[in-house]
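For reference, the structure discussed in these notes is given below.
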DNA sequence: AATAAATTTTAGACAAACCTAAAAAATTAT
DNA sequence: ATAATTTTTTAGGTTTGTCTAAAATTTATT
């Protein structure tokens, strides 16, 4: 139960987890790309992780995490997202600045630290980007959110997440006064450029580009 | 200005700083002892740190940090003590539990993180053990504290620091209701066993052993 | 289906940080 | 002052995580 993995191993596990969310299975090149490392290095690490029974892997076939590996991944993601929440809500970081720092903080392994941090932050369920924070058992709250693009006209919805963490996105959202939690509805869709007209309560209508609408997730109310 | 040292290098620098506070200069064996490593490993690292101009060192003579090295040491100590303060004041850790965790957190290098943490904590001047926290320029507040043993009779003083971080000490202090900041005076000293009788305002007199008196630092008011 | 192209793995090296054993230098004791 | 002891350094290895270049395997193309 006292798992003890190197920083490097943890980074691989986390990356594999994220990649396999999409494809179900991961390839050597994909992983090398994500970690900015070479395929040969990935192969080396795969052997190690396989030996530790964290993943299912056969040479030249793809690979994916074992049950155990997934557990480890979720605990790393839990740490990462709790720290992001801390950085934004307590230390006043912008959500676009927290990723790298959280990337380091997540490797500080201490169950007690994470439990107490979670308590201090009052058991947040979502990180500042709207991604769910796994609980101690790896369970995550579901946010049945959809892309703003898919939201029907005149339907009340709440912004729950963003699909990018770029500071340009943050800048734009701040300018338009849209945040996680903002309640809005789509008034019109313009086919010509796929732009949208939004209405936020007590505020004048806002116009939003297709790109921006794609970057926003919402939860119908 | 963007110093970038490995975790290992930082641990050596910090250990050298602490050791040279006492002796002014440090020996290979001392340092190996402090870091639970072998003298040969120390020699290897000394060469590296010398090459980086962090210390003055000549084979077979002792060594001590350069000005630059001292700066680095102080910034590590700043990070360590700020995190300790955070863990105790915000996350409700006991002061006897924070050292190991802070030992890891201190290596997360981000100026912004530390500045914001310092702000969040309201620029604390002393850590939970009463040790001063260096500011951004390495300056530390002075606490002209003395050992409780040396405090004259009937002199008001405030507990400022403890000389040990053992949980036994914490347990005893909690039982006797003494904390950092407690105001007290010594009423009697018993030569037979060097025990003390203390008076804390609004409380009945307490008796304190020599060992405990030695572990407490106070600042006369 | 045979060949070309891309992917993945192996083989062999390297740097960091550690180790053990032996040599060198300094210190202490006779 | 010389010998014995201790301290420190050097020499040579090990492990982890990376790399490059070449070989093996799979996938795509003609």
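Protein chains in written order, with this note's numbering: chain D, -15 to 205; chain Z, -15 to 205.
Note that CB positions come from ideal geometry on N, CA and C, so glycine has one too.
Please go through the same chain and pick out, in chain order, the residues whose beta-carbon is closer than 7 Å to the beta-carbon of residue i, but skip the five residues on each side of it.
i, result
"residue 102 of chain D", "66"
"residue 85 of chain Z", "71"
"residue 183 of chain D", "168, 169, 171, 189"
"residue 12 of chain D", "23, 26, 27"
"residue 4 of chain Z", "10, 48, 49"
"residue 41 of chain D", "30, 34, 47"
"residue 153 of chain Z", "146, 199"
"residue 90 of chain Z", "60, 63, 64, 67"
"residue 111 of chain Z", "65, 68, 69, 117"
To the nearest angstrom, report how far apart residue i and residue j are at their CA atoms.
i, j, result
"residue 106 of chain Z", "residue 127 of chain Z", "19 Å"
"residue 108 of chain D", "residue 69 of chain D", "8 Å"
"residue 73 of chain Z", "residue 192 of chain D", "44 Å"
"residue 189 of chain D", "residue 181 of chain D", "7 Å"
"residue 164 of chain D", "residue 149 of chain D", "13 Å"
"residue 94 of chain Z", "residue 14 of chain D", "29 Å"
"residue 173 of chain D", "residue 155 of chain D", "23 Å"
"residue -9 of chain Z", "residue 61 of chain Z", "13 Å"
"residue 47 of chain Z", "residue 59 of chain Z", "20 Å"
"residue 206 of chain Z", "residue 19 of chain Z", "Look at the range of chain Z in this structure, -15 to 205, and you will see that residue 206 of chain Z is not part of it."
"residue 134 of chain D", "residue 124 of chain D", "24 Å"
"residue 79 of chain Z", "residue 113 of chain D", "34 Å"
"residue 51 of chain Z", "residue 122 of chain Z", "11 Å"
"residue 206 of chain D", "residue 137 of chain D", "No answer is possible for residue 206 of chain D: it lies beyond the span of chain D, which begins at -15 and ends at 205."
"residue 116 of chain D", "residue 129 of chain D", "12 Å"
"residue 179 of chain D", "residue 194 of chain D", "5 Å"
"residue 75 of chain Z", "residue 53 of chain Z", "32 Å"
"residue -13 of chain D", "residue 118 of chain D", "17 Å"
"residue -11 of chain Z", "residue 97 of chain Z", "17 Å"
"residue 55 of chain Z", "residue 39 of chain Z", "11 Å"
"residue 104 of chain Z", "residue 177 of chain D", "45 Å"
"residue 43 of chain Z", "residue 87 of chain Z", "30 Å"
"residue 17 of chain Z", "residue 92 of chain D", "25 Å"
"residue 6 of chain Z", "residue 77 of chain Z", "29 Å"
"residue 8 of chain Z", "residue 161 of chain Z", "37 Å"
With DSSP collapsed to three states, give me the class of residue i.
i, result
"residue 204 of chain D", "strand"
"residue 169 of chain Z", "strand"
"residue 30 of chain Z", "helix"
"residue 184 of chain D", "strand"
"residue 155 of chain Z", "helix"
"residue 162 of chain Z", "coil"
"residue 10 of chain D", "strand"
"residue 131 of chain D", "strand"
"residue 56 of chain D", "helix"
"residue 146 of chain Z", "strand"
"residue 198 of chain Z", "helix"
"residue 95 of chain D", "helix"
"residue 75 of chain Z", "coil"
"residue 136 of chain D", "coil"
"residue 80 of chain Z", "coil"
"residue -11 of chain D", "coil"
"residue 257 of chain D", "As displayed, chain D neither begins before -15 nor continues past 205, which places residue 257 of chain D out of reach and without an answer."
"residue -2 of chain D", "helix"
"residue 125 of chain D", "coil"
"residue 105 of chain Z", "coil"
"residue 88 of chain D", "helix"
Which residues in the same chain as residue i place their Cβ atom closer than 8 Å to its Cβ, once the five residues preceding and following it in sequence are excluded?
i, result
"residue 57 of chain Z", "-3, -2, 0, 1, 49"
"residue 99 of chain D", "120"
"residue 83 of chain Z", "68, 149"
"residue 166 of chain D", "142, 143, 184"
"residue 32 of chain Z", "-7"
"residue -5 of chain Z", "19"
In the DSSP output, which residue or residues are listed as bridge partners for residue i?
i, result
"residue 116 of chain D", "D:110"
"residue 48 of chain Z", "Z:40"
"residue 141 of chain D", "D:168, D:204"
"residue 179 of chain D", "D:174"
"residue 191 of chain Z", "Z:181"
In chain order, what residues of the same chain have a beta carbon less than 6 Å from the beta carbon of residue i, not counting five sequence neighbours either side?
i, result
"residue 140 of chain D", "169, 205"
Which of the residues in the segment 66 to 89 of chain Z, read from start to end, lie with their CB under 9 Å from any CB of chain D? 71, 74, 75, 76, 77, 81, 84, 85, 88, 89
For the segment -6 to 12 of chain Z, list every residue whose C-beta sits within 8 Å of some C-beta in chain D, in sequence order. none
Got a sec: which bits of the segment 92 to 126 of chain D sit with their beta carbon under 7 Å from any beta carbon on chain Z, in order along the chain? 92, 94, 97, 100, 101, 104
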